[in-house]
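J.: Below is a structure I'd like to ask you about.
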Amino acid sequence: MQAPSVGGRQDAELYRKVIAVLKERHQVLTEHVGDLSLSTVEDKGDKAIYEQDTAWLRECDVVMAECTQVSLGVGYELAYAESHGKEVHIFYRTQEMQLSAILSGNERFHIHRYADENEILAWARGFDEALTCVKSI
């Protein structure tokens, strides 16, 4: 699983909590996004970052993206995941933003609106059941 693709560090504590729940039963390839000590992305160079991020996307089974904080990079990752046939779950807080129609209108993306961290954490705890439902449709 590629867990939360993120656009900003404002929600780092939330990412950390979601990743902790997911790691109880899943391998999380991008757990570094929940590292509270990171204030910026380590500068490995643009090409190295691109190669690593796209490798994780190719390797994962499911992409979980928290999209409340708008990011061009996350938008690219979502399109990349879709082009590689990955299951994509997009989360956002409705009181803080309106999700772009290019995402919400895409029937291949599973859109999850939530109001507070308890809702997204509950979804993460029930992730296996959610996948069963999604795959059976």
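For any residue, its number in my numbering is found by taking its place in the sequence shown, counting from 1, and adding 51. C-beta: ideal position from N, C-alpha, C; glycine also.
Identify, in the order they occur along the chain, each residue of the same chain with its Cβ nearer than 6 Å to the Cβ of Y143, setting aside the five sequence neighbours on each side.
T.: C118, T119, L150
J.: Near V72, what residues of its chain come up, given a Cβ to Cβ distance below 7 Å and the 5 sequence neighbours on each side ignored?
T.: L172, A175, R176
J.: In whole angstroms, what is the alpha-carbon distance linking L65 and E170?
T.: Spanning the alpha carbons of L65 and E170 requires a straight line of approximately 11 Å.
J.: Can you tell me whether DSSP reads E138 as helix, strand or coil?
T.: Correct three-state label for E138: strand.
J.: Out of Y165, Y131, D112, which one is the CA nearest neighbour of H77?
T.: D112
J.: Out of H140, A99, S155, state which residue places its alpha-carbon closest to the alpha-carbon of F178.
T.: H140
J.: Looking only at its chain, what residues have a beta carbon closer than 7 Å to the beta carbon of A132, apart from the 5 residues adjacent to it on each side?
T.: Residues of the same chain with a CB within less than 7 Å of the CB of A132, apart from the 5 flanking positions on each side, are L108, V114, V139 in chain order.
J.: Have a look at T145 and E110 and give me their C-alpha separation to the nearest angstrom.
T.: For T145 and E110, the distance between alpha carbons rounds to 30 Å.
J.: What does the alpha-carbon distance come out to for the pair E82 and A116?
T.: Note on geometry: alpha-carbon atoms of E82 and A116 lie some 13 Å from one another.
J.: Runs of 4 residues minimum, wholly inside the stretch 113-138: which ones carry the alpha helix (DSSP H) assignment?
T.: For secondary structure counted as the alpha helix (DSSP H) over 4 or more consecutive residues, the stretch 113-138 holds these complete runs in sequence order: 123-134.
J.: Does DSSP put H83 in a helix, a strand or coil?
T.: helix
J.: Residue range of the beta strand (DSSP E) that R164 falls in?
T.: 160-165
J.: For the alpha helix (DSSP H) containing D104, list its first residue and its last residue.
T.: Here the alpha helix (DSSP H) through D104 covers 97-110.
J.: Please classify K137: is it buried, with 16 or more other beta-carbons within 10 angstroms of its beta-carbon, or exposed?
T.: buried
J.: Cutting at 7 Å between CB atoms, please list the residues of its own chain near D104, excluding the five before and the five after it.
T.: E128
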